[in-house]
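Residue numbers (our numbering): 88 to 312. Every residue, glycine too, gets a C-beta built ideally from N, C-alpha and C. Below: one structure, written as structure tokens.
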Ligand SMILES: NC(=O)c1ccc[n+]([C@@H]2O[C@H](COP(=O)([O-])OP(=O)(O)OC[C@H]3O[C@@H](n4cnc5c(N)ncnc54)[C@H](OP(=O)(O)O)[C@@H]3O)[C@@H](O)[C@H]2O)c1
């Protein structure tokens, strides 16, 4: 596939990672079209991005939009925002899985998803368990080229105020400096770094399943935190 011939679809384009990713994909010159599936109107300054307001409970209705080379999933919510475990699971498990099935049916080459550090089907924590489950189900779908990113605490400017994450972000300014050696994987990471790493991996020819831990994502891209 030549430069400027690829097409992409992004889920979660309005999020911290998603926004940075859309900017990168719009500017890196590899894509001729990027479809953004969102649930509310957004302003976007890009000639190649096309915004589609969709009902995420009915993703199959938009299956033709999944005829792209790369699908990026940056969806996610919090228990606080979702209010129930079921609603959380919808966003962090059901939508990504439905999207992956549609991508596979349409012959998409790559599926790239943001999971999380600690993703584990056997975790005591609901959040980490759901992340583990989404990874496991994706692995069983036999997607030709599956890329799972497991960042630690995301750093960056959010529209929404999240007290816990804000405090953790402040602490990570100090902690990141002393988290060396075996502690390095636990350092906070800039959301835009995760987005940049996703864009880099999307240009690789790697087949099969690949998992990227936070410190690996961190060292994949050049700019500093
Ligand atoms: N926060 C952290 O420190 C952290 C650490 C490790 C991993 N992660 C994971 O990284 C991923 C991306 O995180 P982020 O902080 O960039 O996410 P974010 O800023 O919270 O954005 C989440 C995206 O998902 C969309 N979304 C949420 N609920 C939805 C719903 N019910 N229907 C449709 N779309 C919905 C949001 O759309 P709207 O803008 O319309 O709400 C937004 O585009 C998530 O999977 C998260 O679990 C986060």
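When DSSP labels each residue in this structure, what does residue i get in the three-state scheme?
i: residue 141; result: coil
i: residue 95; result: strand
i: residue 237; result: strand
i: residue 213; result: helix
i: residue 107; result: helix
i: residue 312; result: Note that residue 312 scores a pLDDT of 45, beneath 50, so its modelled location is shaky and nothing firm can be said.
i: residue 118; result: strand
i: residue 268; result: helix
i: residue 294; result: coil
i: residue 170; result: coil
i: residue 178; result: helix
i: residue 225; result: helix
i: residue 132; result: coil
Check whether the Cβ of residue i lies closer than 8 Å to any heavy atom of ligand 1, and answer yes or no.
i: residue 99; result: yes
i: residue 182; result: yes
i: residue 136; result: no
i: residue 140; result: no
i: residue 104; result: yes
i: residue 239; result: yes
i: residue 202; result: yes
i: residue 219; result: no
i: residue 95; result: no
i: residue 224; result: no
i: residue 127; result: yes
i: residue 167; result: no
i: residue 195; result: no
i: residue 207; result: no
i: residue 176; result: no
i: residue 189; result: no
i: residue 300; result: no
i: residue 111; result: no
i: residue 278; result: yes
i: residue 143; result: yes
i: residue 164; result: yes
i: residue 245; result: yes
Do you know whose CA, among the options, lies nearest residue i's CA?
i: residue 96; options: 104, 281 and 109; result: 109
i: residue 136; options: 117, 236, 211 and 144; result: 117
i: residue 282; options: 99, 207 and 94; result: 99
i: residue 225; options: 160, 144 and 273; result: 160
i: residue 177; options: 191, 162 and 189; result: 162
i: residue 106; options: 244, 291 and 302; result: 244
i: residue 277; options: 126, 228 and 301; result: 301
i: residue 234; options: 203, 94, 208 and 165; result: 203
i: residue 188; options: 167, 174, 271 and 147; result: 147
i: residue 181; options: 145, 273 and 251; result: 145
i: residue 113; options: 103, 134, 102 and 124; result: 134
i: residue 119; options: 306, 156 and 237; result: 156
i: residue 271; options: 291, 298, 303 and 293; result: 303
i: residue 94; options: 254, 196 and 126; result: 196
Spell out the partners DSSP gives residue i in its beta bridges.
i: residue 161; result: Answer is none; residue 161 lacks a bridge partner.
i: residue 277; result: 242
i: residue 184; result: Beta-bridge pairing links residue 184 to no other residue.
i: residue 200; result: 160 and 235
i: residue 123; result: 97 and 138
i: residue 300; result: 237
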